[in-house]
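Engineer: Quick one: structure below, then a few questions.
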Amino acid sequence: MSSLPPHLPPALSLLSALADAALKAGEVILRIRAEGLASGGLASARKSDESPVTAADLAAEAILREELARLLPGVPVIAEEAVAQGQGEAPADTFLLVDPLDGTREFIGASGEFTVNIGLVEAGVPSIGIVLAPAVNKLYAGATTAEGGLAFLGGNDAAPASWTPIRCRPMPEKGLIAVASRSHLDPDTSAFLANLDIAESISCGSALKFGLVAEGRADLYPRFGTVCEWDVAAGHALVRAAGGSVRRPDGSALPYARTQADYRVHGFIARGREA
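First residue of the sequence shown: 62, per the working numbering; consecutive thereafter.
Put into structure tokens, the structure is as follows:
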């Protein structure tokens with residue numbers, strides 16, 4: 062870590078370095094996307110779970126693994142495509158969860174709502190998160206330390222001086238603003254929202270939904286379908302740093318890396334600040 066700017070607090074230094082790594086991956090993703098759209102389409106293959114994978118997923122993950130090994134040597138990196146290929150590292154007390162391209166369906170469909178997610182988990186709790194949406198020029202960064210939470214919104218810039226502090230808004234008693242998945246809205250999530258006093262519903266792709274909660278533009282992001290830890294960790298860290306919470310639907314803590322073989326998350330609810 063000696064190469065990081067010495068004048069920044071440690072948490073901001075690490076956030077800046079991780080943001081820079083995400084931006085490098087984002088540049089490659091945008092290049093591959095532009096080339097694919099110019100040639101008439103974005104090619105994809107199917108993994109064993111039938112989810113799509115593209116050249117951008119693989120290229121971005123390779124960059125991230127290289128950058129993270131340099132920034133945090135010895136810290137295991139649990140990355141989506143490596144796990145899919147049976148090459149995932151074993152989690153430790155401190156480890157990284159990486160989704161190199163969250164929202165591959167949006168990427169293939171030429172939507173800008175896809176992200177690069179980097180989450181640092183310490184003692185089972187996400188403590189640092191980077192969520193970059195390169196196509197829409199949004200960078201979310203959050204860290205929780207012993208001194209409290211730090212959460213920011215910026216553009217395609219890794220310099221913290223250019224970032225704006227953000228905070229979850231207090232949860233209102235009624236008239237909630239909810240955000241839900243554009244591509245994966247399941248019946249249980251719809252039923253849950255139907256029983257609440259919702260003033261506005263926002264559809265959005267990828268981990269950008271966590272960002273809307275973190276910056277106070279939404280109060281609630283429920284997801285009852287099964288996802289993977291690398292889909293959630295960065296956004297969890299961000300919302301936590303901004304004063305909100307991410308828990309299982311029953312209110313219990315969301316566990317991470319219970320076993321090396323199972324990185325599935327069976328539903329969660331992200332909320333703004335509780336009274």
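We treat Cβ as the ideally placed atom computed from N, Cα and C, and that holds for glycine.
None of the values given here were measured: they were computed from a predicted structure.
1. Determine whether the Cβ of Arg-332 lies closer than 8 Å to any Cβ atom of chain C.
2. Work out the CA separation of Pro-231 and Ala-212 for me, nearest whole Å.
3. Under three-state DSSP, which class holds Ile-227?
4. What is the rounded straight-line gap between the Cα of Ala-279 and the Cα of Pro-195?
5. Taking the alpha-carbon of Leu-237 as reference, which of Ser-251, Ala-123, Leu-257 and Ala-220 has the nearest alpha-carbon?
6. Might you give, ordered along the chain, the residues of its own chain that have their beta carbon closer than 8 Å to the beta carbon of Val-89, omitting 5 neighbours on each side?
7. Can you tell which of Ala-331, Gly-180, Glu-290 and Ser-264 has its C-alpha closest to the C-alpha of Ser-172?
8. List, from N- to C-terminal side, the alpha helix (DSSP H) runs of 4 residues or more that fit wholly inside the region 139–212.
9. Which of the three DSSP states is assigned to Gly-286 in this structure?
10. For Ala-239, write down the residues that DSSP places opposite it in a beta bridge.
11. For Ser-219, which of helix, strand or coil comes out of DSSP?
12. Comparing C-alpha positions only, which one of Gly-149, Ala-86 and Gly-272 sits nearest to Val-138?
13. State the Cα-Cα distance for the pair Lys-199 and Asn-178, rounded to the nearest angstrom.
14. If you follow the alpha helix (DSSP H) that Val-89 is part of, which residue opens it and which one closes it?
15. Are the region 178–187 and the region 93–109 touching by the rule of at least three beta carbon pairs closer than 8 Å?
16. From which residue to which residue does the alpha helix (DSSP H) around Arg-332 run?
17. According to the Cβ coordinates, are Gly-328 and Phe-285 closer than 8 Å?
18. Relative to the alpha-carbon of Leu-193, which residue among Ser-313, Asp-292 and Tyr-317 has its alpha-carbon at the smallest distance?
19. Is it right to say Thr-338 is buried, meaning 16 or more other beta carbons lie within 10 angstroms of its own, or is it exposed?
Structural biologist: Once the coordinates are examined:
1. Absent from the structure: chain C. Only one protein chain is present.
2. The residue given as residue 212 occupies position 151 in the sequence shown. The residue given as residue 231 occupies position 170 in the sequence shown. Taking the straight line from one Cα to the other gives about 16 Å.
3. Reading the sequence shown from its first residue, position 166 is the one you call residue 227. Three-state result, Ile-227: coil.
4. Looking up residue 279 in the sequence shown gives position 218. Looking up residue 195 in the sequence shown gives position 134. Going from the Cα of Ala-279 to the Cα of Pro-195 covers about 21 Å.
5. Position 176 of the sequence shown, counted from the start, is the residue given in the question as residue 237. Out of Ser-251, Ala-123, Leu-257 and Ala-220, Leu-257 has the C-alpha closest to the C-alpha of Leu-237.
6. The residue given as residue 89 occupies position 28 in the sequence shown. Correct list, in chain order: Ala-117, Ala-120, Ala-121 and Ile-124.
7. Reading the sequence shown from its first residue, position 111 is the one you call residue 172. Selected option, being the one with the closest Cα: Ser-264.
8. As far as the region 139–212 is concerned, its whole alpha helix (DSSP H) runs of at least 4 residues are 141–145 and 165–169.
9. Taking the first residue of the sequence shown as position 1, residue 286 is located at position 225. Of the three classes helix, strand and coil, the one that applies to Gly-286 here is strand, per DSSP.
10. On the sequence shown, position 178 is the one that residue 239 refers to. Ala-239 pairs with Ser-262 and Leu-281.
11. To locate residue 219, count along the sequence shown from 1; it is residue 158. It is worth fixing the name first, because residue 219 is Ala in this sequence and not Ser. Residue state for Ala-219 is assigned as coil, using DSSP reduced to three classes.
12. Position 77 of the sequence shown holds residue 138. With respect to the C-alpha of Val-138, the residue from Gly-149, Ala-86 and Gly-272 having the closest C-alpha is Gly-149.
13. The count along the sequence shown starts at 1 and reaches residue 199 at position 138. The count along the sequence shown starts at 1 and reaches residue 178 at position 117. Rounded to whole angstroms, Lys-199 to Asn-178 spans 12 Å at the Cα level.
14. Reading the sequence shown from its first residue, position 28 is the one you call residue 89. Element bounds for Val-89: 71–99.
15. Three or more Cβ pairs closer than 8 Å define a contact, and the region 178–187 falls short of that threshold against the region 93–109.
16. Here residue 332 refers to the residue found at position 271 when the sequence shown is read from its first residue. From DSSP, Arg-332 is part of no alpha helix (DSSP H) but of the beta strand (DSSP E) over 325–332.
17. Residue 328 sits at position 267 when you count from the first residue of the sequence shown. Residue 285 sits at position 224 when you count from the first residue of the sequence shown. In this structure, Gly-328 places its C-beta atom within 8 Å of the C-beta atom of Phe-285.
18. Here residue 193 is taken as the residue at index 132 of the sequence shown, counted from 1. When only C-alpha atoms are compared, the closest one is Asp-292.
19. In this structure the chain extends from 62 to 336, so residue 338 is not present and cannot be described.
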